[in-house]
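Peer 1: Supplied in structure tokens, the structure appears directly below.
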Amino acid sequence: MKKEIPVFFSIDDSYAPFLAVALNSAIKNSSDENNYRAIVLYQELSEENIENLSSLATENFTIEFVPMNSGLEKITDRMSNRLRCDYFTLTIYFRLFIPAMFPQYDKGIYIDSDVVLKGDLAELFNIDIGDNYIGACADLSVVDVEPLARYMEEAVGVDRHHYINSGVLLMNLKKLREAQLDRHFLELLDTYHFDCIAPDQDYLNAICLGKIHYLSECWDAMPNEKNPPLSDAKLIHYNLFSKPWCYDGIQYGEYFWEYASDSGYMDEIKAYKENYSQEQKDSDEKCLGLLVERGAQIAASDITFRKMHESGVKIRL
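Residues in the sequence shown are numbered consecutively from 71, following my numbering.
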């Protein structure tokens, strides 16, 4: 009997074209030896997008869609809940509810939709993370930005070289379910409303600290012009503003366009890039500056993950 590999994504309509690229790359690098089940958690997704994404499925790589319509009322559009300081979407929090929502699985993969796979998801799934809650990669994309590195340490309470990126997670769903990750997260959110730069990511770093298996960076290779590209990258993550559908010359960008070409959304993605205005690019630059500025402000505030932990509040699972 073939092993089933569950892999979760979370999107809304605006990200459907990029999920199509991610799925296309995952399918083309999958093995006939396994069955893969892609589970797409969504907030709002049109029937047309569901139909288009479903058409990518193969005999051993199924795609299904699960709406997320309730239970998240406490998560509102406020600065501390915004991604990149400029974009609010509930979808970034969906990964925190996977263990409770899918009790049939003891282990699973969560991946952001701004990725392409060059390796087989089964290889990632088969990594032994022991009794740790998650397997993830250290976030090397901003570790050399000193204000953000200080934020990791002073606000989140995690050493800058061990602060993980939540865009790729190998999840010990059984352990997370037993620890009631979803309930603990909502209690912290409702009680403290921690100001965050990367909302779900900061919570996961603070909550799971000490129970993280660090994966090889090849499973979350992020564009960084200060470093040469990895020769053995198995998963490329176009994190933050490094989007090849917005900008030319993005590191690893050629792989995105390779898998976009027959994703069913090539014309739409090309049009998106052609119409990405100078005003939008200026806004990106402004938001990056705001991200750095807010990092320093949050670290100096009275209520941070680190300060609450040091005061005796239960932050970690």
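Just so you know, even glycine gets a beta-carbon here, dropped at the ideal spot from N, CA and C.
(1) Bridge partners for L239 per DSSP, in chain order?
(2) Cα-Cα, which of P76, I204, R386 and L361 is closest to Q174?
(3) Using DSSP's beta-bridge definition, name the partner residues of S80.
(4) Does the contact criterion of 3 or more C-beta pairs under 8 Å hold for the segment 223-234 versus the segment 296-310?
(5) CA-CA distance, L194 and H283?
(6) Report the three-state DSSP secondary structure of R152 (helix, strand or coil).
(7) Consult DSSP for C207 and reduce its assignment to one of helix, strand or coil.
(8) Have a look at S347, Y335 and Q321 and flag the residue whose alpha-carbon is nearest the alpha-carbon of P293.
(9) From K281 to N345, what does the alpha carbon distance come to, in whole angstroms?
(10) Helix, strand or coil, according to DSSP, for T374 in the structure here?
(11) Evaluate A108 with the Cβ neighbour count: other Cβ atoms within 10 Å of its Cβ, from every protein chain shown; 16 or more gives buried, anything less gives exposed.
(12) What alpha helix (DSSP H) runs, 4 residues minimum, are completely inside the segment 312-339?
(13) Whole-angstrom Cβ separation of N130 and N105, contact assumed at under 8 Å?
(14) Rounded to whole angstroms, what's the CA-CA distance from K72 to E103? Just pull it up for me.
(15) Could you round the C-beta distance between L243 and F164 to whole angstroms and report it? I think they count as a contact, below 8 Å.
(16) Does DSSP classify S381 as helix, strand or coil?
(17) Can you look up Y308 in the DSSP assignment and give me helix, strand or coil?
(18) What separation, rounded to the nearest whole angstrom, lies between the Cα atoms of M378 and D372?
(19) Are the beta-carbon atoms of D87 and I339 separated by less than 8 Å?
(20) Using the DSSP secondary-structure output, state which residues sit across from T128 in a beta bridge.
(21) Using 10 angstroms around the beta-carbon of A92, count the other beta-carbons present and answer buried if the total reaches 16, otherwise exposed.
(22) When the Cα atoms are used, what is the spatial distance from S116 to W315?
(23) Does the segment 194-210 touch the segment 342-361, meaning 3 or more C-beta pairs lie closer than 8 Å?
(24) If you count every other CB in all the chains shown that lies within 10 Å of the CB of P137, and 16 or more means buried, which is it?
(25) Threshold first: 4 residues or longer. Then list the alpha helix (DSSP H) segments lying entirely within the segment 247-273, N to C.
Peer 2: So, to answer that:
(1) Y180
(2) P76
(3) L111
(4) no
(5) 12 Å
(6) Low confidence applies to R152: its pLDDT is 36, below 50, so where it sits in the model is not reliable, and the reading given next is rough at best. Here R152 sits in coil by DSSP.
(7) strand
(8) Q321
(9) 44 Å
(10) Collapsing the DSSP output to three states places T374 in coil.
(11) buried
(12) 323-330
(13) Beta-carbon to beta-carbon, N130 and N105 are separated by about 5 Å, close enough to satisfy the 8 Å threshold.
(14) 6 Å
(15) With 8 Å as the limit, L243 and F164 do not qualify as a contact, their Cβ atoms being about 14 Å apart.
(16) coil
(17) coil
(18) Those two C-alpha atoms are separated by around 9 Å.
(19) According to the sequence provided, residue 87 is Pro. The question's Asp does not apply to it. Less than 8 Å divides the Cβ of P87 from the Cβ of I339.
(20) Answer by DSSP bridge pairing, in chain order: F131.
(21) Buried, by the Cβ-count rule.
(22) 21 Å
(23) no
(24) exposed
(25) 251-262
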